[in-house]
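Residue numbering for the first sequence is 1 to 938, as defined by the UniProt record's numbering. A virtual CB, placed ideally from N, CA and C, is assigned to each residue, including glycine. So the structure is just underneath, and the comments pick up after that.
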Amino acid sequence: MHLIITEKNIAADRIAHILAGKTYVEVKKDGGVSTYSFNDTVVVGLRGHVVEVDFEPGYTNWRSEVNTPRSLISARTIKAPTDKKIVTLIQKLTKKADHVTIATDFDTEGELIGKETYDLVKAVKPDVRVDRSRFSAITEEEIQTAFAAPAELDFALAAAGEARQLIDLIWGASLTRFISLAAHRGGKNILSVGRVQSPTLAMMVDREKEIEAFVPEPYWVLTVDSNKDGEPVLARHTTARFTDVAIAEEAKEATRAPLMVTEVKEGSKVDRAPTPFDTTGFIVAAGRLGFSAANAMRIAEDLYMHGYISYPRTDNTIYPRSLDLNGVLKTLQKTELSSAVIWVMANRRPVPTQGKKSTTDHPPIHPSGAATRAELGDERWKIYELVVRRFLATLSPDARWMTMKVLFTAGNEPYTTTGATLLEAGWRTVYPYSDATEHPLPRFAVGDSLPIEQVNLDRKETQPPPRYTQSRLIQQMEELGLGTKSTRHEVIGKLVGRKYIEGNPLRPTLVGRAVIESLEDHAAAITRPDMTQTIDAHMQQIKERKRTRDDVVTESRAMLNRAFDELEEHQSQIGEDIMGRTVEEMILGPCPVCGSDLRIHHIRNSSQFIGCTRYPDCRFNIGLPLTQWGWAIRTDTVCPTHHLNHVRLIAKGSRPWDIGCPLCHHIESNQETMVLIPSMTEEILGRLQQHHIYTVHEVADAPPEALASAAEISSTAAEHLKSEGEAVLGLLRLRSELRKFVRKQVPPRRGRSHAKIMKHLHANGINTIADLAKADPTLLRTAGVGEKEVTSLLMQAKEYCNDKTLRAIGVPAISLKKYYAAGIQSPEDFCRYHPVYLSVKTGISPDTTFRHAEMVCIAQNRPVPRKVTRAMLERGRAELLTIPGLGETTIEKLYSGGVIDGMTLASADPAALASHSGIPLKKVQEFQSRLPGSSQAS
DNA sequence: GCAAGGTC
Numbered sequence: 001m002h003l004i005i006t007e008k009n010i011a012a013d014r015i016a017h018i019l020a021g022k023t024y025v026e027v028k029k030d031g032g033v034s035t036y037s038f039n040d041t042v043v044v045g046l047r048g049h050v051v052e053v054d055f056e057p058g059y060t061n062w063r064s065e066v067n068t069p070r071s072l073i074s075a076r077t078i079k080a081p082t083d084k085k086i087v088t089l090i091q092k093l094t095k096k097a098d099h100v101t102i103a104t105d106f107d108t109e110g111e112l113i114g115k116e117t118y119d120l121v122k123a124v125k126p127d128v129r130v131d132r133s134r135f136s137a138i139t140e141e142e143i144q145t146a147f148a149a150p151a152e153l154d155f156a157l158a159a160a161g162e163a164r165q166l167i168d169l170i171w172g173a174s175l176t177r178f179i180s181l182a183a184h185r186g187g188k189n190i191l192s193v194g195r196v197q198s199p200t201l202a203m204m205v206d207r208e209k210e211i212e213a214f215v216p217e218p219y220w221v222l223t224v225d226s227n228k229d230g231e232p233v234l235a236r237h238t239t240a241r242f243t244d245v246a247i248a249e250e251a252k253e254a255t256r257a258p259l260m261v262t263e264v265k266e267g268s269k270v271d272r273a274p275t276p277f278d279t280t281g282f283i284v285a286a287g288r289l290g291f292s293a294a295n296a297m298r299i300a301e302d303l304y305m306h307g308y309i310s311y312p313r314t315d316n317t318i319y320p321r322s323l324d325l326n327g328v329l330k331t332l333q334k335t336e337l338s339s340a341v342i343w344v345m346a347n348r349r350p351v352p353t354q355g356k357k358s359t360t361d362h363p364p365i366h367p368s369g370a371a372t373r374a375e376l377g378d379e380r381w382k383i384y385e386l387v388v389r390r391f392l393a394t395l396s397p398d399a400r401w402m403t404m405k406v407l408f409t410a411g412n413e414p415y416t417t418t419g420a421t422l423l424e425a426g427w428r429t430v431y432p433y434s435d436a437t438e439h440p441l442p443r444f445a446v447g448d449s450l451p452i453e454q455v456n457l458d459r460k461e462t463q464p465p466p467r468y469t470q471s472r473l474i475q476q477m478e479e480l481g482l483g484t485k486s487t488r489h490e491v492i493g494k495l496v497g498r499k500y501i502e503g504n505p506l507r508p509t510l511v512g513r514a515v516i517e518s519l520e521d522h523a524a525a526i527t528r529p530d531m532t533q534t535i536d537a538h539m540q541q542i543k544e545r546k547r548t549r550d551d552v553v554t555e556s557r558a559m560l561n562r563a564f565d566e567l568e569e570h571q572s573q574i575g576e577d578i579m580g581r582t583v584e585e586m587i588l589g590p591c592p593v594c595g596s597d598l599r600i601h602h603i604r605n606s607s608q609f610i611g612c613t614r615y616p617d618c619r620f621n622i623g624l625p626l627t628q629w630g631w632a633i634r635t636d637t638v639c640p641t642h643h644l645n646h647v648r649l650i651a652k653g654s655r656p657w658d659i660g661c662p663l664c665h666h667i668e669s670n671q672e673t674m675v676l677i678p679s680m681t682e683e684i685l686g687r688l689q690q691h692h693i694y695t696v697h698e699v700a701d702a703p704p705e706a707l708a709s710a711a712e713i714s715s716t717a718a719e720h721l722k723s724e725g726e727a728v729l730g731l732l733r734l735r736s737e738l739r740k741f742v743r744k745q746v747p748p749r750r751g752r753s754h755a756k757i758m759k760h761l762h763a764n765g766i767n768t769i770a771d772l773a774k775a776d777p778t779l780l781r782t783a784g785v786g787e788k789e790v791t792s793l794l795m796q797a798k799e800y801c802n803d804k805t806l807r808a809i810g811v812p813a814i815s816l817k818k819y820y821a822a823g824i825q826s827p828e829d830f831c832r833y834h835p836v837y838l839s840v841k842t843g844i845s846p847d848t849t850f851r852h853a854e855m856v857c858i859a860q861n862r863p864v865p866r867k868v869t870r871a872m873l874e875r876g877r878a879e880l881l882t883i884p885g886l887g888e889t890t891i892e893k894l895y896s897g898g899v900i901d902g903m904t905l906a907s908a909d910p911a912a913l914a915s916h917s918g919i920p921l922k923k924v925q926e927f928q929s930r931l932p933g934s935s936q937a938s
């Protein structure tokens with residue numbers, strides 16, 4: 001059997017179909033992995049790397065005294081499967097194979113994945129024949145050629161990839177652990193360091209410093225408003241920027257009508273059609289349409305998976321000769337963009353445009369299938385249309401512009417104006433994304449004399465360099481060789497996740513800055529793009545067999561060891577520096593009570609609040625929502641009233657939630673509950689707030705004298721206010737319990753506000769779960785609870801209340817579980833059923849059920865049933881069974897009515913017993929009549 | 001719990 005292994009499932013699918021030709025390809029799932037078989041061949045796809053390098057076991061404890069961060073430098077490494085299903089399948093198929101072909105992507109990483117596969121294959125069948133096929137695009141032609149003449153795996157190239165893997169792991173893991181430990185950061189708050197992420201972050205830090213250091217310089221721009229036969233003309237002084245205002249003023253003074261045309265220059269300019277898309281070019285273009293890098297890639301991957309566009313991760317900007325451009329055009333004719341396609345077919349440039357990079361990995365991104373707007377939906381269609389139009393543009397002729405430059409004099413001052421009009425739209429006909437504003441000028445001739453309507457001298461300022469946008473950052477990373485086509489956009493997400501950068505455009509946080517500055521001071525290599533460039537150079541040497549993998553890695557290890565000498569020496573300083581800056585970033589401004597700083601505190605990634613830095617001397621604090629609703633950060637906006645920075649909650653995947661000034665928000669949100677205190681007047685409320693008493697909690701907790709003086713009320717009134725506050729506090733606790741309960745039973749979802757539901761319930765006097773259990777279903781429906789949920793919510797509330805009551809009475813939880821399982825739910829059930837029945841139903845001993853029933857009945861003010869011993873029960877049972885027609889099942893029913901023997905049967909009220917036990921009245925009477933010793937017995 | 005690189 002011939003086994004072919006590709007880098008991904010889609011490639012396996014397509015290659016199988018190409019190689020099979022007209023033969024049927026059988027698609028099967030084996031352990032969740034698709035296989036494609038025909039004749040004696042099986043094709044299966046990997047999922048990229050299916051094994052991963054890691055340290056050998058024993059290095060998981062970051063705080064180990066022996067296996068310190070530094071010890072990772074010399075730790076042994078292993079390769080462990082990350083996708084067991086695929087590894088198992090590959091090895092299973094290998095056992096049946098006599099020939100294995102590795103058909104992973106044609107780049108360094110593909111060769112490494114190939115080598116990893118080679119090792120997996122050889123591990124189970126050392127003598128199997130393994131070869132390698134290489135192709136740059138999955139087209140009929142390339143695949144046929146590649147498989148007709150298979151080559152060998154390039155072990156040197158794979159070794160180059162392995163060197164990169166090892167160096168990345170060793171540097172990244174050891175430095176990440178070191179700096180996290182130094183700054184006392186653990187869990188989700190670790191501080192990461194890496195060959196790609198750290199230089200990328202450093203770029204942003206550098207830019208931020210440039211912006212901070214930037215001193216704007218003024219300059220002046222001199223223009224005149226004029227017109228040519230009524231058409232407005234704006235002429236600029238040929239000194240585009242005057243840096244000296246005095247000189248600018250002089251030029252302004254010297255400007256005299258008329259504006260004389262001294263020269264007219266006309267020319268034409270070629271506007272080259274754009275080059276094919278590689279990943280970066282695509283991300284930049286999508287960025288102009290408003291797509292974030294990650295979103296653009298996500299959509300492109302989706303379009304690729306569905307066959308609409310080619311593979312979106314590529315460095316190539318030159319179409320390979322094997323790509324059937326005409327075929328693509330033909331396919332596109334079936335889309336809504338057909339008129340553009342037809343235009344291109346009619347105006348085709350002889351050779352498509354080319355970029356600078358020709359690589360072997362994949363063709364440039366191009367359309368591969370026809371789609372409609374309806375089947376894709378708006379967002380995906382926008383991306384698809386972009387790819388289609390870009391493809392069309394690369395086959396279209398260049399555009400041509402007519403340019404015009406006019407020179408004037410006014411007095412003796414030289415002025416100029418320029419214009420441009422599109423002569424031939426060319427590719428711009430089909431690619432409307434890049435800006436092409438025309439500036440037509442009226443016709444001028446030398447010697448024309450124009451009026452001067454106004455002379456303007458405007459003061460302007462030089463601008464600092466802009467912050468990086470996502471696409472600009474990705475372009476910059478590419479230029480410096482940081483990351484790959486597949487990972488660049490992910491790095492941004494990683495830095496955001498570590499809270500190193502935030503916002504749009506991107507900006508480093510103080511923590512991000514602190515980490516970079518510490519590294520620059522003590523381990524500069526990891527913050528510079530040169531590290532990547534050096535590794536690339538070394539990889540090249542390994543590939544050319546001038547050096548070995550181990551040689552390169554050893555050198556890198558030595559370098560890292562030297563960095564650790566420096567780092568360890570300054571460990572405490574580095575830690576303190578980073579920790580100090582973290583605090584700084586959380587400071588909001590003056591505490592309203594004592595005037596020292598308020599800051600945001602985060603507790604173990606779950607809760608967060610704002611507190612005074614003088615705690616415990618000053619206990620002022622403001623609660624914040626749990627971090628699951630967003631991580632609190634400060635923003636640059638400052639409240640004019642309270643001089644506090646605004647607070648924003650940021651959560652992954654959802655829009656940031658701006659709280660605004662935390663104190664304004666605090667006051668406002670507590671006002672509602674404050675007025676629940678009956679004797680709270682607007683006047684008192686205002687005075688309390690002025691004395692920084694904002695919450696019911698604070699009212700209830702305040703010493704009465706303090707309350708009295710703050711609210712300017714008598715001490716008796718203050719005592720009263722305080723006790724009312726305590727009562728409201730109790731109510732609020734119950735309400736919060738109710739809110740949690742409702743939230744659990746009726747999960748929040750789009751378009752249903754829990755706040756609204758709760759408000760409605762409160763307005764109708766429902767403040768506790770017990771209230772809810774007794775609530776009218778229609779009330780819940782009008783509050784916004786769904787039809788089906790109303791019944792279950794009420795039931796759950798009843799169950800909850802019953803459970804709470806029974807537990808409070810003292811029925812143990814383990815017994816309650818048994819009672820519930822037997823359908824005995826409420827305190828009422830305990831009083832209604834006889835303890836014997838409870839025992840039979842639950843398997844709990846009659847003595848115990850009697851004790852439980854006794855407790856419940858006493859608590860509920862109900863008569864306590866008569867105690868029954870086991871012996872009495874046995875005797876009674878025997879007695880009852882003597883009655884003809886009375887069996888085991890009937891006995892159980894009788895128990896529920898409290899009948900346990902002949903005597904209790906005789907004395908029972910037949911009607912009551914019938915209704916209680918469910919035995920028909922006639923039967924009951926019959927049993928009673930057949931009792932031995934009954935007066936009616938015959 | 002760590003990197004960067006594949007792919008889903």
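Contacts around residue i, its chain only, beta-carbon distance under 8 Å, and the 5 residues preceding and following it disregarded
| i | result |
| --- | --- |
| residue 23 | 38, 39 |
| residue 240 | 221 |
| residue 673 | 695, 696, 728, 732 |
| residue 447 | 260, 261 |
| residue 815 | 842, 844, 848, 852 |
Unbroken alpha helix (DSSP H) run spanning residue i, endpoints
| i | result |
| --- | --- |
| residue 465 | Where residue 465 is concerned, there is no enclosing alpha helix (DSSP H), given that its DSSP letter is neither H nor E. |
| residue 563 | 549 to 569 |
N-terminal and C-terminal residue of the beta strand (DSSP E) that residue i is part of
| i | result |
| --- | --- |
| residue 295 | Segment 293 to 305 is the alpha helix (DSSP H) holding residue 295; no beta strand (DSSP E) there. |
| residue 658 | 657 to 660 |
| residue 608 | 607 to 612 |
| residue 268 | 259 to 271 |
| residue 832 | Where residue 832 is concerned, there is no enclosing beta strand (DSSP E), although the alpha helix (DSSP H) it sits in stretches over 827 to 832. |
Beta-bridge partners of residue i, as assigned by DSSP
| i | result |
| --- | --- |
| residue 455 | 224 |
| residue 621 | 611 |
| residue 577 | Bridge partners of residue 577: none, in fact. |
Residue i - DSSP class collapsed to helix/strand/coil
| i | result |
| --- | --- |
| residue 937 | With a pLDDT of 42 at residue 937, under the threshold of 50, the modelled position of that residue is not reliable, and the figure given next carries that caveat. Three-state DSSP puts residue 937 in coil, outside helix and strand. |
| residue 44 | strand |
| residue 8 | coil |
| residue 819 | helix |
| residue 939 | The structure shown does not extend to residue 939, since the chain is modelled only from 1 to 938, so the question has no answer here. |
| residue 534 | helix |
| residue 391 | helix |
| residue 419 | strand |
| residue 425 | coil |
Nonlocal neighbours in the same chain, by C-beta distance under 6 Å from residue i, ignoring five residues either side
| i | result |
| --- | --- |
| residue 139 | 322 |
| residue 625 | none |
| residue 688 | 710, 711 |
| residue 158 | 111, 112, 115 |
Nonlocal neighbours in the same chain, by C-beta distance under 7 Å from residue i, ignoring five residues either side
| i | result |
| --- | --- |
| residue 256 | 410, 411 |
Original post:
Quick one: any contact between the stretch 848 to 857 and the stretch 829 to 837, if contact means 3 or more CB pairs under 8 Å?
Top reply: Inter-segment contact for the stretch 848 to 857 and the stretch 829 to 837 is present: three or more beta-carbon pairs are separated by less than 8 Å.
Original post:
Touching or not, the stretch 505 to 519 and the stretch 128 to 145, by the rule of three or more beta carbon pairs under 8 Å?
Top reply: No, because fewer than three Cβ pairs between the stretch 505 to 519 and the stretch 128 to 145 fall closer than 8 Å, the two stretches do not touch.
Original post:
Okay, do the stretch 4 to 22 and the stretch 57 to 70 touch, 3+ Cβ pairs below 8 Å being the bar?
Top reply: Too few Cβ pairs lie closer than 8 Å, so no.
Original post:
So, do the stretch 360 to 370 and the stretch 99 to 107 have three or more beta carbon pairs nearer to each other than 8 Å?
Top reply: The stretch 360 to 370 vs the stretch 99 to 107: in contact.
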